[in-house]
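To keep things clear, I will list the structure first and then write my remarks on it.
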Amino acid sequence: MRRGQLVLLVPAVLLAAAWLAPMAWAVATSLKPEGETTAVPSTWIGSEITLDAYALVLGTGGIVKWAINSAVTTLVVTFMTVLLSAMAAYGFARTSFRGRRVLLGLILAGIMVPPQVLIAPLFAEMVALGLVDTWWGIILPQIAAPLIVYILYKFFQEVPPELEQAAFVDGAGRWRVFFTIVLPLSRPVLGAVAIFTFITTWNNFLWPFLVSTDPNTMTLPVGLANVVQGTFGLRYAQIMASVVLAGLPLLVVFVLFQRQIIRGVAHTGLAGQ
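Here the numbering used here is used: the first residue of the sequence shown is 2, the next is one more, and so on.
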């Protein structure tokens, strides 16, 4: 191995260890008997490896219901966010209309506004619409994604317009060009933003926590917070088992689509946004 490669490898290994250590500790704690999770001094491995914590969480914690809720809301948010953002971005990139610059400026301004600032008006709107404790109340506010619109807008600007013009000559309309030419050419960036949206939505805690109090509509992060505060108290093995189970879907998504993520970032300029 060359010296330059070693210089880059050592920091990478240290950073990976720093990121993986908390997850390794969570897994190790979840496999301990409950009485040994607070033992002093702490040990990585208990006197025995047990799956009791996982059995209790899956049996009494409602985690399966919350996981289904998270899966449904996350998939809907991801699909609608990518589709609507792509349509908006393509409109900005390829059409001219009155107020275009103003609207694009508002999109850019939306990137600079912290989402927490909008919590109060969004919640008041959901109350007025009667969407509190409903899936649509969780989904709709998360669909607006100014950053995704801007990323796709910059990408669509780089798509050669000659491809679209050839389709127009053949009689294709704007919608047909968008769905049959532009979107297939945009698969790398669409895949990347879809995966990032999926991960962000799955991990979102604050908004679902505020808008859902019914256990039947709670998402997984909200349900786990209730587990920590209520049902299991401070039973650390069960808390860590819940955390591990909540993180498994994201790990599976990353393992299955890591090439898509890397290719999307590398070929669309997403790393520089």
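Even for Gly, the Cβ is constructed at its ideal location relative to N, Cα and C.
By Cβ distance, which residues of its chain are closer than 8 Å to T39, with the 5 residues on each side in sequence left out? Translated into the one-based positions of the sequence shown, residue 39 becomes position 38. Excluding sequence neighbours, T39 sits near Y237.
Could you pull the start and end residues of the alpha helix (DSSP H) that N217 belongs to? Residue mapping note: residue 217 aligns to position 216 of the sequence shown, counting from 1. Segment: none, N217 is in no alpha helix (DSSP H) and carries neither H nor E.
Spatial distance of V11 from K33 (CA atoms): Counting from one through the sequence shown, the residue named residue 11 turns up at place 10. Counting from one through the sequence shown, the residue named residue 33 turns up at place 32. About 32 Å.
With a threshold of 8 Å on Cβ separation, who are the neighbours of A226 within its own chain once the five nearest residues in sequence on each side are excluded? The residue labelled residue 226 in the question sits at position 225 within the sequence shown. Once the five neighbours on either side are set aside, the close Cβ partners of A226 are F206, F210.
Going by other Cβ atoms of all chains shown within 10 Å of its Cβ, with 16 needed for buried, is Q259 buried or exposed? As a first step, residue 259 is located in the sequence shown; it is residue number 258 there, counting from the start. Result: exposed.
Alpha carbon to alpha carbon, how far is Q239 from D53? Give it in angstroms, no decimals. Against the sequence shown, residue 53 aligns to sequence position 52. Against the sequence shown, residue 239 aligns to sequence position 238. Rounded to whole angstroms, D53 to Q239 spans 8 Å at the Cα level.
Close beta carbons around G47, own chain, < 6 Å, minus the five adjacent residues each side: Here residue 47 is taken as the residue at index 46 of the sequence shown, counted from 1. Result list for G47: K33, P34, E37, in chain order.
Chain-order list of residues whose beta-carbon lies under 6 Å from that of F157 (same chain, five-residue window excluded): As a position in the sequence shown, residue 157 is number 156, starting the count at 1. Excluding residues within five positions, the ones whose Cβ falls inside 6 Å are A90, Y91, A94.
Can you list, in chain order, the stretches of the beta strand (DSSP E) that have 3 or more residues and sit fully within the region 170-222? none
K6 classed as buried or exposed, judged by whether at least 16 other C-beta atoms fall within 10 angstroms: Walking along the sequence shown from the start, residue 6 turns up at place 5. For the sequence presented, residue 6 should be read as Gln rather than Lys. Counting Cβ neighbours within 10 Å, Q6 comes out exposed, since fewer than 16 surround it.
Give the DSSP-derived three-state secondary structure of T82 in the structure shown. By 1-based counting over the sequence shown, the position of residue 82 is 81. T82: helix per DSSP, three-state reduction.
For the candidate residues K155, I196, L184, G106, whose alpha-carbon lies nearest to that of E165? Locating residue 165 in the sequence shown gives position 164, counting from the first residue. Of the candidates K155, I196, L184, G106, the one whose C-alpha sits nearest the C-alpha of E165 is L184.
Close-in-space but distant-in-sequence residues of the same chain around A29 (CB under 6 Å, 5 per side omitted): For the purposes of this step, residue 29 is taken as residue 28 along the sequence shown, with counting starting at 1. Same-chain partners within the cutoff: W45.
If you measure from the CB of V212, is any heavy atom of the ligand SAH nearer than 8 Å? Within the structure as shown, the ligand SAH is missing, as the structure has no ligands at all.
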